[in-house]
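Structure first, then comments.
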Amino acid sequence: MEKRSLPAELDSLAELRRYVKEAAGGAGIDDARAYKLQLAVDEIATNIIFYGYKDVGASAVISIGSQIRDGALVITLEDCAQPFDPRTMRMPDAKDLAKPLEERAIGGLGIFLAIRGVDRFDYRREGDRNLSTFEVRIGHD
Amino acid sequence: MGFNISVEGGPGEATIKLSGELDAAAAPRFKEVIEKVAEAKPLRLVLLMGELEFMASAGLRVLIFARQKMGAGVSLYVIGSRGPVLSTLRMSGFHHSVHLQETYAPE
Numbered sequence: 001m002e003k004r005s006l007p008a009e010l011d012s013l014a015e016l017r018r019y020v021k022e023a024a025g026g027a028g029i030d031d032a033r034a035y036k037l038q039l040a041v042d043e044i045a046t047n048i049i050f051y052g053y054k055d056v057g058a059s060a061v062i063s064i065g066s067q068i069r070d071g072a073l074v075i076t077l078e079d080c081a082q083p084f085d086p087r088t089m090r091m092p093d094a095k096d097l098a099k100p101l102e103e104r105a106i107g108g109l110g111i112f113l114a115i116r117g118v119d120r121f122d123y124r125r126e127g128d129r130n131l132s133t134f135e136v137r138i139g140h141d
Numbered sequence: 142m143g144f145n146i147s148v149e150g151g152p153g154e155a156t157i158k159l160s161g162e163l164d165a166a167a168a169p170r171f172k173e174v175i176e177k178v179a180e181a182k183p184l185r186l187v188l189l190m191g192e193l194e195f196m197a198s199a200g201l202r203v204l205i206f207a208r209q210k211m212g213a214g215v216s217l218y219v220i221g222s223r224g225p226v227l228s229t230l231r232m233s234g235f236h237h238s239v240h241l242q243e244t245y246a247p248e
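Those protein sequences? They're chains A and B, same order as listed.
Residues in the first sequence are numbered consecutively from 1, following our numbering.
Residues in the second sequence are numbered consecutively from 142, following our numbering.
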């Protein structure tokens, strides 16, 4: 599918999810895994929009692309915000997940859901761009 | 698709129906509704989620907020969640703290 660029604002999240849904459908990925992929992309995109572009002007953009590579659907999110590797965030562990709601920490859940929802998540910085890639193997149920 | 939310109050309990997609854009509206509902100090909060097609961690955070706002004594019921949403709730450990039911059966 062709790459798309959208304003880095919360209203773009729905469009990003639609893009992922279409790409997953085209690759023949089942609904349950397609949902998890949408969720993963949504979570990382949300972080980019909330934290990445703080103090930057209205021209902030987030791009999404998809390709089939080595038997996997690969979705790539690209942004020019400040460097941020989501894998460095502290994610909840089993003990945290068992805590009652009134004792739960607010942070970390989004990244946790993102990374758990795909076969492979990768982040790298290239020049002034952040590249987040999400891989889901095709035909692997 | 968007996000829709509606509220019904009954004696001692508040029922909130969520439909559509609950992402970070929609979560503030959910949070606002929780704040209003909390004022009436219900004993039970019932969330009807049968028509919720998508829920991001922003939605989960509002559930955490609801519990922390309303106190540990308030029972939270999450009713009718669809497969992927239910899976997200379980994966995040929420089944330890809320009643996950297909149809509402107060305990």
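A virtual CB, placed ideally from N, CA and C, is assigned to each residue, including glycine.
Predicted, not measured: the structure shown is a model, and the values here were computed from it.
8 Å Cβ cut-off: residues of chain A touching residue i
i	result
H240(B)	Ordered by position in chain A, no residue passes the 8 Å Cβ test against H240(B), which lies about 12 Å from the chain.
I220(B)	Under the 8 Å cutoff, chain A gives no residues; its nearest Cβ is about 17 Å from I220(B).
L266(B)	A query on residue 266(B) cannot be resolved here, the shown segment of chain B reaching from 142 to 248 and no further.
7 Å Cβ shell around residue i - same chain, five flanking residues per side excluded
i	result
V203(B)	A168, F171, K172, I175
H236(B)	L230
I115(A)	F121
E15(A)	L6
G65(A)	K3, T76
E9(A)	I49
N- and C-terminal bounds of the beta strand (DSSP E) containing residue i
i	result
S198(B)	Counting along the chain, S198(B) falls outside any beta strand (DSSP E), though it belongs to the alpha helix (DSSP H) covering 198-211.
V219(B)	216-220
A72(A)	72-79
R4(A)	4-7
is_contact[residue i, chain B] using C-beta, thresh 8 Å
i	result
G110(A)	yes
Y51(A)	no
E43(A)	yes
A98(A)	yes
D30(A)	no
Y123(A)	no
T88(A)	no
Y19(A)	no
L39(A)	yes
A14(A)	yes
T76(A)	no
Chain B contact residues for residue i, given Cβ-Cβ distances below 7 Å
i	result
E102(A)	R208, Q209, A213
Opposing strand residues paired with residue i [DSSP bridges]
i	result
E126(A)	R129(A)
N145(B)	S160(B)
E135(A)	V74(A), R120(A)
E154(B)	G151(B), R185(B)
Q242(B)	I220(B)
R69(A)	A72(A)
F195(B)	E162(B)
I49(A)	According to DSSP, I49(A) bridges with nothing at all.
V61(A)	P7(A)
Extent of the continuous alpha helix (DSSP H) run through residue i
i	result
S228(B)	224-232
E15(A)	13-26
P169(B)	168-180
D96(A)	94-97
Same chain, Cβ closer than 6 Å to residue i, neighbours up to 5 away in sequence not counted
i	result
L188(B)	I157, V219
R125(A)	P83
L159(B)	I146, M190, L193
S222(B)	M190
Any chain A beta carbon closer than 8 Å to residue i
i	result
E192(B)	no
L225(B)	A quick correction: the sequence has Pro, not Leu, at residue 225(B). Chain A contact via Cβ: present.
S160(B)	no
A179(B)	no
I146(B)	no
L188(B)	no
L201(B)	yes
A155(B)	no
S233(B)	yes
T244(B)	no
Under 9 Å from the C-beta of residue i: neighbouring residues of chain B
i	result
D11(A)	A166
R69(A)	Correct list: empty, because the minimum Cβ distance to chain B is about 25 Å.
Partner residues on chain A for residue i, Cβ-Cβ distance less than 7 Å
i	result
P198(B)	Correcting the residue identity first, residue 198(B) is Ser in this sequence and not Pro. Those within 7 Å of S198(B) in chain A are E43, L109, G110, L113.
Cβ neighbours of residue i in the same chain (closer than 8 Å, five flanking residues each side left out)
i	result
A23(A)	M1, S66, L73, I75
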